[in-house]
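Participant:
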Amino acid sequence: MLGEGHFLGGAQTIAAMERDYVYPDIADRDTPRTWQENGAQDAWHRAGQKVDQILSTHHPQYLNSEQDDRIRAAFDIRFP
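Counting from 76, one number per residue, gives the positions in the sequence shown under our numbering.
Put into structure tokens, the structure is as follows:
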């Protein structure tokens with residue numbers, strides 16, 4: 076039964092879906108045909124690509140330059 080009074084169209088159900096349902100970044104929500112046409116990559120492959128992207132671009136700075144200079148003056152640091 077669709078239409079008036081159907082719970083899937085109710086505001087409370089829609090709000091719960093928006094609040095409670097997680098759509099992972101690596102999930103492929105395409106149709107099977109589109110997924111196949113786009114190379115049929117599984118979640119493991121997409122996760123590996125995401126890991127490679129993060130590791131190649133994420134370079135956090137935990138120390139400021141003064142702290143780094145003091146550590147390098149005190150120790151034989153060979154890492155650039």
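Positions of the beta carbon are idealized from the N, C-alpha and C atoms, including for glycine. Computed from a predicted structure; not experimentally measured.
1) Quick check: the stretch 115-123 against the stretch 90-103, are at least 3 beta-carbon pairs closer than 8 Å?
2) Measure the C-alpha to C-alpha separation of H134 and A90 and round it to an integer number of angstroms.
3) When DSSP labels each residue in this structure, what does D105 get in the three-state scheme?
4) Between the C-alpha atoms of S140 and A122, what's the straight-line distance to the nearest angstrom?
5) G85 by DSSP, collapsed to three states: which one?
6) Hey, quick one: how far does the alpha helix (DSSP H) through Q116 stretch, first residue to last?
Facilitator: Judging by the given coordinates:
1) yes
2) Each residue's CA atom was taken as its position, placing H134 and A90 some 37 Å apart.
3) coil
4) 34 Å
5) coil
6) Bounds of any alpha helix (DSSP H) do not take in Q116, whose DSSP letter is neither H nor E.
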